[in-house]
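Number of protein chains: 2
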Amino acid sequence: MRPNQPSLTPAGEVKRAQPPTLRDVAEAAGVHAATASRALNPSTRRLVSAETARRVIKAAKTLGYQPNPIARSLKTAKSSTVGLVIPDLTNPLFPPIVRGIEDVLEAEGFSAWIVNTDNDPERERVRIDSLRSRQVEGLIIATARVEHPFLEALHEQGVKMVLVNRRVENLEVPCVTADDATGIALAVRHLAELGHRRIAHLAGPHSTSTGVVRSRAFRHAIRDHGLEDDPSLIVECAHWNEADGAAAMRELLDRDDRFTAVVAGNDLIALGCYDVFAERGISCPDEMSVVGFNDMPFIDKLRPPLTTVAVPHHDIGAEAARMLLDCIEEPDRRPRSLLLPVTMVVRDSTTRPRPLPSA
Amino acid sequence: MRPNQPSLTPAGEVKRAQPPTLRDVAEAAGVHAATASRALNPSTRRLVSAETARRVIKAAKTLGYQPNPIARSLKTAKSSTVGLVIPDLTNPLFPPIVRGIEDVLEAEGFSAWIVNTDNDPERERVRIDSLRSRQVEGLIIATARVEHPFLEALHEQGVKMVLVNRRVENLEVPCVTADDATGIALAVRHLAELGHRRIAHLAGPHSTSTGVVRSRAFRHAIRDHGLEDDPSLIVECAHWNEADGAAAMRELLDRDDRFTAVVAGNDLIALGCYDVFAERGISCPDEMSVVGFNDMPFIDKLRPPLTTVAVPHHDIGAEAARMLLDCIEEPDRRPRSLLLPVTMVVRDSTTRPRPLPSA
DNA sequence: CTGGCCATCGCAATCGTTTGCGGTTAAATC
DNA sequence: GATTTAACCGCAAACGATTGCGATGGCCAG
Chain A
1 MRPNQPSLTP AGEVKRAQPP TLRDVAEAAG VHAATASRAL NPSTRRLVSA
51 ETARRVIKAA KTLGYQPNPI ARSLKTAKSS TVGLVIPDLT NPLFPPIVRG
101 IEDVLEAEGF SAWIVNTDND PERERVRIDS LRSRQVEGLI IATARVEHPF
151 LEALHEQGVK MVLVNRRVEN LEVPCVTADD ATGIALAVRH LAELGHRRIA
201 HLAGPHSTST GVVRSRAFRH AIRDHGLEDD PSLIVECAHW NEADGAAAMR
251 ELLDRDDRFT AVVAGNDLIA LGCYDVFAER GISCPDEMSV VGFNDMPFID
301 KLRPPLTTVA VPHHDIGAEA ARMLLDCIEE PDRRPRSLLL PVTMVVRDST
351 TRPRPLPSA
Chain B
1 MRPNQPSLTP AGEVKRAQPP TLRDVAEAAG VHAATASRAL NPSTRRLVSA
51 ETARRVIKAA KTLGYQPNPI ARSLKTAKSS TVGLVIPDLT NPLFPPIVRG
101 IEDVLEAEGF SAWIVNTDND PERERVRIDS LRSRQVEGLI IATARVEHPF
151 LEALHEQGVK MVLVNRRVEN LEVPCVTADD ATGIALAVRH LAELGHRRIA
201 HLAGPHSTST GVVRSRAFRH AIRDHGLEDD PSLIVECAHW NEADGAAAMR
251 ELLDRDDRFT AVVAGNDLIA LGCYDVFAER GISCPDEMSV VGFNDMPFID
301 KLRPPLTTVA VPHHDIGAEA ARMLLDCIEE PDRRPRSLLL PVTMVVRDST
351 TRPRPLPSA
């Protein structure tokens with residue numbers, strides 16, 4: 001691919017000229033390539049006279065010169081590139097985060113390689129290795145588990161990274177997440193205010209920090225509101241998806257049907273609940289209230305529209321990217337952690353509990 | 001970011017060694033860097049003796065050598081990189097396509113830069129320019145419009161590209177799309193078989209090939225089945241989204257409420273219909289049947305679950321990537337076009353028409 | 001008038017690979 | 001045993017940019 005205009009050779013046939021190089025620009029401006037380089041780079045421009053700088057810049061413009069980022073990277077050992085490690089782009093949670101990331105990256109002249117791990121640790125290792133061999137300057141990781149030796153190893157090796165949505169224990173790296181704890185607190189308060197007293201929780205996997213934070217916050221909130229604090233009302237889903245959400249819901253219903261509301265670990269798990277409701281003819285919200293987490297796109301189109309806690313995905317991505325850029329610029333700054341505020345969005349999947357059957 | 005192990009300097013403090021270079025490998029194997037290069041590259045390996053090849057490979061392995069793709073790119077003028085131009089990653093249509101693309105790309109050692117244009121031609125120009133300055137070897141384009149001078153210009157300049165989901169008139173470049181025409185035919189047949197005689201079509205924008213192909217196919221199918229062929233039953237949406245779908249639906253209902261079914265240009269437009277049904281208290285499918293197009297993720301979770309025609313998004317992406325790689329390998333092959341088969345998936349948004357009020 | 005300083009710019013090395021070319025060696029031919 | 005031939009490998013020049021260092025020249029101060 002030749003990013004420049006075709007030109008005519010003397011013989012007349014169309015020939016694609018090579019893109020102009022820095023040398024060409026220098027020659028056109030009557031200076032040495034080194035001078036041209038300095039003139040074009042704002043931070044070194046003070047090393048050349050204003051007059052020659054003007055000439056060089058003009059020449060660059062008329063030639064349509066575009067610096068070759070590959071040559072530049074080779075020399076400077078900077079690739080202006082970061083890696084973005086997510087489980088699966090197909091999960092609607094991630095596209096908004098990705099866009100947030102790319103919005104700030106590209107404003108700084110960076111860009112991102114995206115890799116999907118499908119939650120497979122081995123795939124993750126391979127993908128990250130390939131990212132590193134492509135000389136990325138840092139990593140944004142959305143696949144962190146509570147115990148994650150591989151990430152620890154990377155950190156030991158000085159790989160710059162920031163975590164999104166997840167934390168890992170004993171790992172001193174910056175991370176940006178939603179304020180899960182207050183999100184869950186809001187959800188429980190909403191249900192309590194509606195009059196629910198016996199509330200279940202379909203927790204996310206405890207291998208992820210989000211899973212443990214949310215389920216801990218759930219227990220706290222239950223106690224704070226003086227609701228029924230029954231450990232058997234909490235069941236852990238194996239993964240953050242519909243199938244495992246549905247499985248957990250079935251398990252719960254099979255052993256106890258006296259709860260009137262459920263706080264799902266996230267929207268997908270809530271979707272699993274919907275499936276079970278359809279299976280068993282349970283009407284939501286009349287017989288069972290559900291609140292999700294994340295406010296995924298299109299989750300408001302469900303029947304009933306899902307009450308959930310909205311997470312600023314775009315901001316999460318943007319802040320993560322900014323943080324990574326900060327780390328790259330000043331390598332030994334203390335890692336900060338960012339907790340982004342969430343909001344409760346009440347829709348139609350929650351309502352007052354129906355009075356228990358007066359049996 | 002240093003992709004290798006930290007090591008100890010004589011002084012004892014931790015120092016991150018430089019990643020091993022080809023020179024290091026060569027030295028370790030007791031050969032020249034050129035020889036090492038040939039030994040490591042399968043296609044030039046026959047130029048060195050089996051024995052030295054073995055030594056070099058072994059040395060590379062023990063040193064953990066990873067070729068520097070930047071240096072290689074500089075020398076070979078190949079970046080092993082393609083650009084992927086989509087309107088908006090947040091549209092659930094695209095993530096599966098992207099994954100399909102990346103699956104085949106990465107098997108060939110390529111990777112993709114993704115850019116979002118938000119359907120803004122100017123943004124598109126800027127993004128594509130930036131892609132080209134990053135030396136991509138080709139482009140996969142999902143934002144094509146029927147008239148698209150910019151793409152024509154790129155093609156003139158010899159930029160390799162393949163179109164997904166869209167075609168552009170008078171542009172001889174390969175493209176891979178779903179078989180829109182038979183998809184629409186299937187939808188219409190489905191409705192006809194249910195007994196619908198007066199069917200509306202909310203067409204996608206005619207600035208996109210998909211919009212014109214689908215609406216033309218709709219008219220043909222209507223005639224083929226001998227249904228009511230009323231041009232006023234076709235209205236064009238300004239964009240492929242819910243808002244414009246809803247607007248078109250309102251317009252349609254305001255001037256004619258005697259149709260009993262609607263073929264939406266795609267699932268998002270169908271979603272817009274759902275919104276209008278809710279506004280106006282129209283019950284779907286009892287009073288109005290709807291069929292969408294694409295079978296977006298989660299569209300089966302709607303109430304009612306949407307009848308739609310399923311498109312093999314992952315395959316579309318995969319085939320497009322393969323095609324682009326083919327173009328890159330043998331530049332002057334004739335552009336082929338691929339039409340991928342679609343399937344009808346019947347859910348609950350379509351049923352027999354209710355007998356007209358016996359007024 | 002001379003010495004020193006500063007601004008400006010060119011020289012050349014460098015980043016890590018790839019590759020055309022030429023040189024060395026050993027095997028094959030007569 | 002001399003010569004052709006092939007196999008193997010090293011030399012060095014790229015690719016296109018950046019950058020330390022040194023050269024040049026002008027200017028000012030002593």
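Protein chains in written order, with full-length UniProt numbering: chain A, 1 to 359; chain B, 1 to 359.
We treat Cβ as the ideally placed atom computed from N, Cα and C, and that holds for glycine.
Option in A:A278, A:K61 and A:Q157 with minimal Cα separation from Q18 (chain B): A:Q157
Rounded distance between the beta-carbons of A310 (chain A) and V342 (chain A), thought under 8 Å: 6 Å
Beta-carbon proximity of D267 (chain A) to D295 (chain A), cut-off 9 Å: yes
Under 7 Å by beta carbon: chain B residues contacting W113 (chain A): S111
Reduced DSSP secondary structure (H/G/I, E/B, other) of I234 (chain A): strand
I282 (chain A) to M288 (chain A) span [Cα, whole Å]: 7 Å
Chain A within 9 Å of N116 (chain B), Cβ atoms only: yes
DSSP three-state assignment for E155 (chain A), whether helix, strand or coil: Here residue 155 (chain A) turns out to be His, not Glu, going by the sequence shown. H155 (chain A): helix per DSSP, three-state reduction.
Cα-Cα separation, P10 (chain B) to L40 (chain B): At P10 (chain B), the pLDDT of 40 sits below 50, so the modelled position is not reliable; the number obtained from the coordinates is stated separately. P10 (chain B) and L40 (chain B): Cα-Cα distance of roughly 32 Å.
Sheet register partners of L84 (chain A) (DSSP bridge): A:I114 and A:I140
Touching by the beta-carbon criterion (3+ pairs, under 8 Å), the segment 325-338 of chain A and the segment 24-39 of chain B: no
DSSP state of S130 (chain B) mapped onto helix, strand, coil: helix
Cross-strand partners of L199 (chain B) (DSSP beta bridge): Per the sequence shown, the amino acid found at residue 199 (chain B) is Ile instead of Leu. Bridge partners of I199 (chain B): B:A261.
9 Å Cβ cutoff, P3 (chain A) in contact with chain B: Because the pLDDT at P3 (chain A) is just 43, under 50, the model does not fix this residue reliably, and the point stays unresolved.
Beta-carbon spacing of N165 (chain A), A185 (chain A) below 9 Å: no
Residue burial classification, T90 (chain B) (beta-carbon count within 10 angstroms, cutoff 16): buried
Length of the line joining the Cα atoms of V146 (chain B) and V162 (chain B): 15 Å
Near-chain A residues of the segment 52-77 of chain B (beta-carbon distance less than 8 Å), N- to C-terminal order: Q66, P67, N68, P69, I70, A71, S73 and L74
Whole-angstrom distance between P20 (chain B) and I269 (chain A), CA atom to CA atom: 47 Å
Nearest-angstrom Cα separation, counted from R303 (chain B) out to R347 (chain B): 10 Å
Pair within 9 Å by beta-carbon distance, residue 370 (chain B) and A53 (chain B): Since the first and last residues shown for chain B are 1 and 359, residue 370 (chain B) lies out of range.
N- and C-terminal bounds of the beta strand (DSSP E) containing L89 (chain A): From DSSP, L89 (chain A) is part of no beta strand (DSSP E); its letter is neither H nor E.
Contacts that L89 (chain B) makes with chain A (C-beta to C-beta distance below 7 Å): P95, V98 and R99
Integer Cβ distance of V262 (chain B) from A187 (chain B), believed to fall under 8 Å: With a Cβ gap of about 10 Å, V262 (chain B) and A187 (chain B) do not count as contacting.
DSSP bridge partner residues for S337 (chain A) (one or two, in chain order): A:C175
Chain A residues whose Cβ lies nearer than 9 Å to that of S289 (chain B): In chain order: nothing, as chain A lies at least about 17 Å away.
The segment 313-321 of chain B touching the segment 102-119 of chain B, judged by at least three CB pairs closer than 8 Å: yes
Distance between P174 (chain B) and V159 (chain B) (C-alpha atoms, nearest Å): 12 Å
Partner residues on chain B for L302 (chain A), Cβ-Cβ distance less than 8 Å: K301, L302 and R303
For G195 (chain A) and R352 (chain A), the rounded distance between their alpha carbons: 6 Å
Helix, strand or coil at V342 (chain A) according to DSSP, with G and I counted as helix: coil
Neighbourhood of V136 (chain A) by C-beta, 8 Å cutoff - its chain only, sequence neighbours within 5 removed: S79, T81, V82, G83 and W113
Residue burial classification, P69 (chain A) (beta-carbon count within 10 angstroms, cutoff 16): buried
Contact set between S37 (chain A) and chain B, taken where Cβ atoms lie within less than 7 Å: Per Cβ cutoff of 7 Å: no residues; S37 (chain A) is ~16 Å from chain B at best.
Extent of the continuous beta strand (DSSP E) to which L163 (chain B) belongs: M161 to V164
9 Å Cβ cutoff met for V276 (chain A) and A246 (chain A): yes
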